[in-house]
Amino acid sequence: MTQTRVSAPQFFSLLYLSVLSSIFMYISSPEITVSETDSLLRPLIFIVISIIAGIPTFLIYKEINKSESLKKTLTEIKFFKVIAAFYGAVYFIGIIRTAARFDLFASSELFPGTEMTLFIIALIVVCALLSLLGLGALSRAGVIFVVIVVGATGFVMLSLLEEVDLLNFTPLFREGALNFIWDSVLFAVQASEIGAIALVLPEIKGNVTKNYILWSVFSGLSFIVVLFFVVGTLGVFADTQLFPTYTAVTLAKFGLLERMDALETAIWILCVVEKIAFYFLVISKSFKIVFKKVSKRLICIVSAVLVSIVLAFISSNLERFSFISYTPVVLAMYIVPVIVLPLATVIYLKKVKPCEKNSETD
Amino acid sequence: MKEEKQMFLSVDDVSEVQFGDVRENAVENGRLIKEAFKGSFDIVVKKGYCAGKCVVFANCDGLCNSQKIADNAMRPLLSFKGELPENDELNFICDHLLCGTEQKKETSLDMAVDMLLRGTLLIFIEGWKTCVIFGVQSIPERSIAEPDTDVQEFGSREGFTENIKTNLTLVRKRLCTANFTIQMQEIGKESKTRILLCYMKGRVDKDLLDEVKARLQNLQMDTVLGAGYLRKTLDTKRLSFFTMVGQTERPDTFAAKICEGRIGIIIDGTPFALIVPRLFIENFQTLDDYINRPYYATFMRIVRFLAFLISVFLPGVFVSIGLFHQEMLPDDMLYNIVVMESNTLFTLTLEALIIHFVYETVREAGLRMPKSIGHAVSIVGALVIGDAAVTAGLIGAPMLIIVALTAICSLVSSDLYQPIAVLRIIFIIVGGATGLYGIMIGAAALLVSLASMTDYNIPFLAPFSPYNKELLRDSLVRISMEKLGKNIFDINVIKLRKKKHQ
Amino acid sequence: MKKTVKPIKLLVLCVLMVCLFSSCEKAGTELSDLMIIQGIGIDTAPGGYRVTVEILNNEQSGSPGGDSSSDNKTKIYNAEGESVGAALMQLTTKSGNKPFYAHNRVIILGEEAANRDLADIIDFFERNYDSRASELLCIAKDGKAEDVIRAKLLNDTVKSKILEKMLEQSYKESLVPRMRIIDAVNAIKDETTYVCMPAVTVHKNGENENFVLDGCAVFDKDETFSMYLSSGDAEGLAFLNDEIKKGFISARLQNGQTATFIINEGKTHYKIVKENGVLHYKLTVDVSCDLEEVGGAEYFSTEEGFMEEIKGAAGQAIAKKMENTLIVLQSEHGGDVIRYGRRLSLKDNKLYKSVKDDWKKVFSECRTSVDINVTLRRIGEETFHNKK
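Chains as they are written, first to last, in the working numbering: chain Z, 1 to 362; chain A, 1 to 502; chain U, 1 to 388.
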């Protein structure tokens, strides 16, 4: 089957949506204070970290592209199967985290008092099905979603402008620079989708590196804008709210229209749908490498069922949610797919593979 | 690949051999034909003599013009008093006696019978294994009238008819160029419907053409009685709500699309011609847009698009706001709606479903029933879904307004009526069960599925996604004709772009 | 063929599943089951709180605005509970409908309730999904919140709506400060800022009653009610706190006449220095205003210094207001409701850190000097020439 390739801007708009979802459903945690002006600077660190962290992933393909024979036999090598399995597992957890966070968001802000489990499971199933339509469809739809999401959010943010009170900002680095850097790292590691690029890179055409950098910069700037309004309108109140971005939106007024938050959050769901569908796609791709004979459809359906079971277990109990924002998990979810796995692959390609080749030629 | 046949009535490939070749005995030929049709009364076989030579005429009464037969074929032949040249009777008759441009010699009796059914006159001459097919067709047809669908304000008033030849003429007169190419195919084992594949040489993409041809050739059907029969093969995403096959009743629209590099298919027996591929955005474009000033064309396209959104989402959104997100309504409005809705019997979701069901029923009844009682239905409909239902407390007035607005909006782009009608119901159910969030997930799924439609390697959502600046100038907005250049909306641009990147 | 059918079947199944299963417990709330709350009054009750809510009467017969004169537009319910949330939840049993807070306009605190912890009272509204963070808070001066909600206004109107309009308008006229839930939380969380909310009283006027905004109430740092500022004293708050929206000033001119100005916009700039161990706030207020009237007709526009004089008079009037307010705040209460501390932390965080623990004292001792720049924008339809 020949795959239609996706242009880089399209793909990165999908990734942009995915990363936006984490700022929209930003959870206040005791470790990071949202209400400080520092939070406006954290995205800058995010840009730097993202650009650096992306390097190992891109190195893989630099190595692979060196030899044509390697390209063909890649999926046969056991090492890559293990790596692929790791990727699959990481993004499997990624789906659970995203969906669980959305579940928490939905049940606290969208439909309080309603049993959300079925709704979330329906969301999971829809996303799994959408992932079967392929990266092309997701990315092309992503471009339109970006326009909708950015337009709607921009509109709401603009109407919040009059609510911004400069006295809500705080002096910079109140807690010290070290604290700031640690907070920034914790902030930056939310973008674990960077690692997923490794699995879909061959399908993307155009200047990926340039678009990747643009993506990091745009994501960072978007975070700054959103956080500016969150801090500026809410002040310390932001720390008392579970989902500060959402609370800021509830304050927006535009003429007769008040409480546009429902509409706005509905539009944010587009991000969540894209993110989960993309993760399903990544899972099906990586497990396809592991189990060659199993169809992607089956992988998707099985993983959707598994995710649903886990979510049904998590959904009804608040304490089980805590692992979503449990710092070691958050860190691991970033470091493993973004740094460890690509680096391991690169090292394997650089060191082990040439040795094998040499031994073959000898 | 078969040689391209461009002469209009040349049907050389009859799939089955039933009668074999034309017999030397003219009377035998006549008898065979009579037998083949089991003595059907409309098959007329007449024997006569031309300068002493036996000649047999066969035609299908009703499909041809008897006056023409008498004046142009029978009289010259039967009243010929001279001598026929030896061994060249056939050519002499064709060249000197028969008066008409459309004639052809045929040796296969099967083919001849086929042509008989298309309204020609068959002339068998004693001692010749060839028959003359003489064009005297007069197939009853409707005169050219203004199309009922696809109405344009400033476009031409001509619409396609059921006659393939008329239809071609209507297009041909708009495209007086040798590049306008027509290929004929026959489809349908029993109906043997002729279809014309029309395209503009030099503008059409070769892969696209090959693909369409291949698909049509693979079509296995007994009868083709309408344009939609071909959708089955031209659309790959059969389960999608939307289609990449366009349909028009207007020769001007048809010609315009062909100029844009698309392939048109005219089907005998139906006034609807198909156009492939069709992009999503085309549902909001009309020919009038190119006649009107750009600012107005742009305005109308945006209105049409908003009307589409309203007609799909409004009832669902209203239901979900009413059930889940009451805070979105300003409180005075909420109060008014609450007061009005609190008198009604059903829940909001049920109310919306019922009233839409009633509306669709009234619409369908209005469409199907005899025209003479059409008014009765509209009066009953207006009364039932109108005031009476509200007064009786069955439905609330706000819901009625919503449905009325939706109904009007859904008629703006008539091509989209079918998906709109079904999607609307789905979104009411989803909205009633899961609120705006369910609607949004549904909308996301819908959009992704639209984005996944890439029949003929052309993305359905172009030029928005994939974004194409050149084509965007004639999408929801339309810039002036001078700036648009010669290719108003060239499908090739998308294709070329795709290729360039691959 | 088979390939495409499966996911779609599943999809349809899912949609059906969601619809059918969720309808078991009836998704959403029907409009007619809503209790649209317009205003909430909170008073104390033995062992807890007593809430009084004004709700829209949606069980009227006929259409809205129609012949429903026999029914009132609103209804009032009471409930008691151990906490504000518990009391509000009791409402369901009283009316049978689901309380709906999204359109709540005001929360009125009774004076006794305000003596308890404010943070406790508003926590419910902070946490509740429906309720907006921008709901207005006010205090029922010398009385109970219930009296305000049950006030007998002349017409059958939504009282909370009137009260909300009054609060909004007075804030826009720079007469009283605005206190929304979010402002209250921010003030409570801030180490140096004190809560200050408008006070409302009910005036008897023969048979009928009407609302009067009467200054504002200042809270202590333990979030209990502390004292009232009279409406005259409260007028300077907007200028001190950089919250000048619109408003008017009346100034007395040298010859005893009165000039009235409408403020179009204003901005307060702060400069903070430490002099001799005391904080010195140098305030510069830029005000742009229109002249609305000049009493008497003795002036000519051509007269030198006329413009300067009326501008100076306006400036003095503003300075006077600010001074009055500051005196009351610093001498009588010592609460920093004008966010001096907050401003200090932004300008000089080190200094702020060193004084924040003893802020009440520092605030009451700090000096303020005011410099007012008045810009006259328009003088109305009349020229001065006509005055003779």
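C-beta atoms are modelled at their ideal positions from N, C-alpha and C, and glycine is treated no differently.
is_contact[residue i, chain Z] using C-beta, thresh 8 Å
i                : result
Leu346 (chain U) : yes
Ile144 (chain A) : no
Phe300 (chain U) : Residue confidence is low: Phe300 (chain U) scores 49 on pLDDT, short of 50, so the model does not pin down where it sits. No coordinate-derived value is stated.
Asn186 (chain U) : yes
Ser134 (chain U) : yes
Arg105 (chain U) : no
Ile40 (chain U)  : no
Lys311 (chain U) : no
C-beta neighbour in chain D for residue i, strict 8 Å
i                : result
Ala214 (chain A) : The structure shown contains no chain D; the protein chains it does contain are Z, A and U.
Reference residue i, options the options, closest by Cα
i                : options                                   : result
Asp222 (chain A) : A:His356, A:Arg301, A:Ile187 and A:Ile428 : A:Ile187
Asn57 (chain U)  : U:Val51, U:Gly48 and U:Ser32              : U:Ser32
Asp357 (chain U) : U:Gly341, U:Thr325 and U:His280           : U:Gly341
Arg75 (chain A)  : A:Phe92, A:Val56 and A:Leu98              : A:Leu98
Met227 (chain U) : U:Asn186, U:Ile182 and U:Asp214           : U:Asp214
Asp210 (chain A) : A:Thr107, A:Tyr456 and A:Gly431           : A:Tyr456
Gly232 (chain Z) : Z:Glu36, Z:Val143 and Z:Pro56             : Z:Glu36
Asp510 (chain A) : A:Cys131, A:Ala36 and A:Lys257            : Only positions 1 to 502 of chain A appear in the structure, and residue 510 (chain A) is not among them; the question remains open.
Thr233 (chain A) : A:Gln247, A:Arg478 and A:Lys213           : A:Lys213
Thr298 (chain A) : A:Ser320, A:Arg473, A:Ser372 and A:Ile164 : A:Arg473
Gly135 (chain A) : A:Glu146, A:Asp148, A:Arg142 and A:Thr120 : A:Thr120
Ala58 (chain A)  : A:Leu274, A:Met115 and A:Ser240           : A:Met115
Phe41 (chain A)  : A:Leu63, A:Asp205 and A:Gly52             : A:Leu63
Ser107 (chain Z) : U:Asp130, U:Asn104 and U:Asn97            : U:Asp130
Phe254 (chain A) : A:Ser320, A:Thr286 and A:Asn468           : A:Thr286
Bounding residues of the beta strand (DSSP E) (the contiguous stretch that carries residue i)
i                : result
Lys161 (chain U) : Not the beta strand (DSSP E): Lys161 (chain U) falls in the alpha helix (DSSP H), residues Lys159 to Lys172.
Asn179 (chain Z) : Careful: Asn179 (chain Z) lies outside any beta strand (DSSP E), inside the alpha helix (DSSP H) at Ala177 to Ala188.
Ile375 (chain A) : The residue you asked about is not Ile; residue 375 (chain A) is His in the sequence shown. It is not in any beta strand (DSSP E) - His375 (chain A) instead sits in the alpha helix (DSSP H) that spans Gly374 to Leu383.
Thr248 (chain A) : Gly246 to Thr248
Cutoff 8 Å: residue i Cβ touching any chain A Cβ
i                : result
Ser160 (chain U) : no
Ala128 (chain Z) : no
Val143 (chain Z) : yes
Ile269 (chain Z) : yes
Thr29 (chain U)  : yes
Ala266 (chain Z) : yes
Chain U within 8 Å of residue i, Cβ atoms only
i                : result
Arg5 (chain Z)   : no
Thr33 (chain Z)  : no
Phe324 (chain A) : yes
Leu234 (chain Z) : yes
Leu230 (chain A) : no
Glu109 (chain Z) : yes
Terminal residues of the alpha helix (DSSP H) in which residue i lies
i                : result
His280 (chain U) : Counting along the chain, His280 (chain U) falls outside any alpha helix (DSSP H), though it belongs to the beta strand (DSSP E) covering Val278 to Val294.
Cys366 (chain U) : Unbroken run through Cys366 (chain U): none, as it is neither H nor E.
Glu112 (chain U) : Glu111 to Ala114
Integer Cβ distance of residue i from residue j, believed to fall under 8 Å
i                : j                : result
Leu167 (chain U) : Val218 (chain U) : So it is not a contact: roughly 17 Å between Cβ atoms.
Phe243 (chain Z) : Glu109 (chain Z) : 6 Å
Phe261 (chain U) : Glu292 (chain U) : 6 Å
Ile267 (chain A) : Ile195 (chain A) : 5 Å
Ala421 (chain A) : Glu351 (chain A) : Rounded, the Cβ-Cβ distance is 18 Å, inconsistent with contact.
With contact counted as at least three CB pairs below 8 Å, one residue from each stretch, are the stretch 300-312 of chain Z and the stretch 18-34 of chain Z in contact?
no
Indicate whether the contact test is met: 3 or more Cβ pairs, each with one atom in the stretch 156-171 of chain Z and one in the stretch 252-260 of chain Z, closer than 8 Å.
yes
The stretch 414-426 of chain A in contact with the stretch 336-349 of chain A per 3-pair CB rule at 8 Å:
no
Is the stretch 238-245 of chain U in contact with the stretch 316-331 of chain U, if contact means three or more CB pairs nearer than 8 Å?
yes
Between the stretch 213-231 of chain Z and the stretch 115-122 of chain Z, can you find at least three pairs of beta-carbon atoms closer than 8 Å?
no
Touch test, the stretch 181-196 of chain Z against the stretch 271-283 of chain Z, Cβ-Cβ under 8 Å, three pairs minimum:
yes
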